[in-house]
Amino acid sequence: MKLSKLLSCCEYSVLKGDTDIDIIDVIYDSRKVTPGCAFVCLKGFNVDGHKFIPDAIEKGAVALIVEDEYDAPQGVSVIKTNNTRIALAKMSVEYFSHPADQLKTIAITGTKGKTTTVAMIRSILEKAGIKTATIGTLGIVIDNQIYKTNNTTPESYEIQQAMRKMVNEGCKAMVIEASSLGLKWHRTDGIVFDYGVFTNFSNDHIGDSEHKDMEEYLNCKSLLFKQCKKGLINADDEVWQDVIKDHTCEIETYGFSSNADLVAHNDSLIARPGYIGVHFDTTGVKELSVDVAIPGRFSVYNALAAISVCRHFDLTDKDILDGLNEVKVKGRVEAVPVVGDFTILIDYAHNALSMENILTTLKEYNPNRLVTMFGAGGNRPKDRRYEMGEVSGRLSDLSVITEDNSRFEDVMDIIKDIKVGLDKTDGKYIIIPNRVEAIRYCIENARSGDIIVLAGKGHEDYQEIRGVKYHMDEREIIADIFDSLS
Numbered sequence: 077m078k079l080s081k082l083l084s085c086c087e088y089s090v091l092k093g094d095t096d097i098d099i100i101d102v103i104y105d106s107r108k109v110t111p112g113c114a115f116v117c118l119k120g121f122n123v124d125g126h127k128f129i130p131d132a133i134e135k136g137a138v139a140l141i142v143e144d145e146y147d148a149p150q151g152v153s154v155i156k157t158n159n160t161r162i163a164l165a166k167m168s169v170e171y172f173s174h175p176a177d178q179l180k181t182i183a184i185t186g187t188k189g190k191t192t193t194v195a196m197i198r199s200i201l202e203k204a205g206i207k208t209a210t211i212g213t214l215g216i217v218i219d220n221q222i223y224k225t226n227n228t229t230p231e232s233y234e235i236q237q238a239m240r241k242m243v244n245e246g247c248k249a250m251v252i253e254a255s256s257l258g259l260k261w262h263r264t265d266g267i268v269f270d271y272g273v274f275t276n277f278s279n280d281h282i283g284d285s286e287h288k289d290m291e292e293y294l295n296c297k298s299l300l301f302k303q304c305k306k307g308l309i310n311a312d313d314e315v316w317q318d319v320i321k322d323h324t325c326e327i328e329t330y331g332f333s334s335n336a337d338l339v340a341h342n343d344s345l346i347a348r349p350g351y352i353g354v355h356f357d358t359t360g361v362k363e364l365s366v367d368v369a370i371p372g373r374f375s376v377y378n379a380l381a382a383i384s385v386c387r388h389f390d391l392t393d394k395d396i397l398d399g400l401n402e403v404k405v406k407g408r409v410e411a412v413p414v415v416g417d418f419t420i421l422i423d424y425a426h427n428a429l430s431m432e433n434i435l436t437t438l439k440e441y442n443p444n445r446l447v448t449m450f451g452a453g454g455n456r457p458k459d460r461r462y463e464m465g466e467v468s469g470r471l472s473d474l475s476v477i478t479e480d481n482s483r484f485e486d487v488m489d490i491i492k493d494i495k496v497g498l499d500k501t502d503g504k505y506i507i508i509p510n511r512v513e514a515i516r517y518c519i520e521n522a523r524s525g526d527i528i529v530l531a532g533k534g535h536e537d538y539q540e541i542r543g544v545k546y547h548m549d550e551r552e553i554i555a556d557i558f559d560s561l562s
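Counting in this note's numbering, the sequence shown runs from 77 upward without gaps.
Structure below.
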């Protein structure tokens, strides 16, 4: 593709050479430079891509996209632009031939609920026969094949590349988690989403390498509603009107508020062996009686967001109801099949706040016992261990302390730190350092009506010890244990 074509939607000036040259690829990582490519110099918090220009030229880059002036050797074109991240996004759109034009695109932003809402939307659309791929915390998911990514919202090149693959494999819709940092760093630029969703807003991601303050954090989330056609907004969140300030899209709202376009009411909890969730009814733009296979009132909000989006597609109410009743989010309060009158949930909770949230939610279901199995990551702040121990000791009927990515620390040292928090409570606990044996203990000692939470691993399928990642999928372990008991 001609460089001039790649730059057709960019604002730029030519410092050296010309744009009438062929480009075989667009690269922003100097380690991946190949002969004949354009190298885009991105400025990050820790690394400035301009420093790697000599390496890129040596490897055969024929064009440089820069923010700073650079005197390149003969035969290398130098293109200057005010923001190379915006340039990368727009060049990637051209390079992959505008794949978003061939998909219905949905972006979810908010502090919490993005991963679950993405899964709910996909579940509903797939029920309706609309092949749907996703991008987010779990990676890029196409046809249940997962491609790992470094960020919740990958770099713009990876997004466009993924969408082209989605189109080539017959997908009709794409749902993406649009993180505040992804929006801030222009990773979703070049896409006008068909639907943008706002879930909620709370304190998070404040720090030198993220957002300088809550105002910037909020402003970055609001960017989505300047690059989508229709915005679906949680009207119960106190900052929702700030999020849509200066929006350029149509707005619809959802929530428990009677002023919302889609209103939830009559919410209640559902619990039976192997199934734990919520029920609610809706009125307004859609009247439904809904069961959701994920526990907690927050699941109502995520489901409302999913309904708000999916009602605009060509599908039936049954598709919506079946999609929500059968949805699973890998590693997010994920119920797994069991033999017996109890429930096992796998969850990613790996700090005190996330653990408190899930345990508080599950206590509302009045289990016979709430059993929490967890460990803590090695080479991480010790305060996290103390706090997790204290939360589990306070909220669980029994804590089962075990390993969780001990990395380069001795697992018993980590467990000793967890005990510091546990011992501040009168909570009962048992120590079983081997995680597989800890899971076996939970199953073999389960009582009727128990809810057992395996916390910390979530969607992860490995255990990291001394720098080595060993395969370990808790779903497989649970199935093997039940097989051995049958």
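All residues carry an ideal CB built from backbone N, CA and C; glycine is no exception.
- When the beta-carbon positions are compared, Lys203 and Cys247 stay at least 7 angstroms from each other.
- One thing to note: Thr436 has its Cβ no nearer than 7 angstroms to the Cβ of Pro371.
- Here the region 411-430 makes contact with the region 529-547; the two share three or more CB pairs at distances below 8 angstroms.
- Proximity to Ala249 across Gln178, Leu400, Val273, His547 peaks at Gln178, based on C-alpha coordinates.
- The beta carbon of Val487 is closer than 6 angstroms to those of Glu479, Pro509 in its chain, skipping five residues each way along the sequence.
- Arg511 is bridged by DSSP to nothing; it lacks a bridge partner.
- The DSSP-derived three-state label of Glu145 is coil.
- Each residue's CA atom was taken as its position, placing Arg456 and Leu79 some 46 angstroms apart.
- Minimum Cα-Cα distance from Arg373 among the listed residues Val414, Phe389, Leu259, Asn433 corresponds to Asn433.
- DSSP lists Phe269 as the beta-bridge partner residues of Cys304.
- Spatial neighbours of Asn444 in its own chain (CB-CB distance under 7 angstroms, excluding positions within 5 residues in sequence) are listed in chain order as Arg523, Ser524, Gly525, Asp526.
- Within the model, the alpha-carbon separation for Met548 versus Gly307 is close to 40 angstroms.
- Apart from the 5 residues on each side of it in sequence, Ile506 sits with its Cβ closer than 8 angstroms to the Cβ of Leu474, Ser475, Val476, Ile477, Tyr517 in its chain, given in chain order.
- Contact annotation: Ile554 and Val512 have beta-carbon atoms that are not nearer than 7 angstroms.
- Straight-line spacing of the CA atoms in Val405 and Asn335 works out to 30 angstroms.
- Pairing Ile519 with Ser468, the inter-Cα distance amounts to about 19 angstroms.
- Between Ser153 and Phe128 a beta carbon distance of about 17 angstroms is seen, past the 8 angstroms cut, so the two are scored as non-contacting.
- Annotation: Ile100 to Asp489 spans about 52 angstroms, alpha carbon to alpha carbon.
- With a threshold of 16 other beta carbon atoms within 10 Å, Tyr538 falls short and is exposed.
- When only Cα atoms are considered, Ala452 and Leu214 end up about 21 angstroms apart.
- The DSSP-derived three-state label of Arg523 is coil.
- For Asp395, the three-state secondary structure derived from DSSP is helix.
- Minimum Cα-Cα distance from Ser430 among the listed residues Gly272, Gly534, Lys545 corresponds to Gly534.
- Taking a cut-off of 8 angstroms on C-beta distances, the region 159-168 does not touch the region 178-189, as fewer than three cross pairs fall below it.
- By the Cβ criterion, the region 251-270 is in contact with the region 294-301, since at least three pairs of Cβ atoms, one from each stretch, lie closer than 8 angstroms.
- A contact between stretches requires three or more CB pairs, one per stretch, nearer than 8 angstroms, and the region 137-155 fails this requirement with the region 259-276.
- Judged by DSSP in its simplified three-state form, Glu463 adopts helix.
- Under the DSSP definition of a beta bridge, Leu474 partners with Val447.
- Sixteen is the threshold: when 16 or more other Cβ atoms of the shown chains lie within 10 Å of the Cβ of Glu410, as they do, the residue is buried.
- Around the beta carbon of Glu326, fewer than 16 other beta carbons sit within 10 angstroms, so the residue counts as exposed.
- The three-state secondary structure of Ser365, taken from DSSP, is strand.
- If you look at Met239, you'll find it in the alpha helix (DSSP H) that goes 232-244.
- Taking C-beta atoms as the reference points, Thr324 and Asp337 fail to come closer than 7 angstroms.
- The residue among Leu91, Arg161, Glu402, Ala379 with its C-alpha nearest the C-alpha of Val194 is Ala379.
- Apart from sequence neighbours up to five positions away, the residues of its chain that approach Glu440 with a beta-carbon distance below 7 angstroms are Leu345, ordered along the chain.
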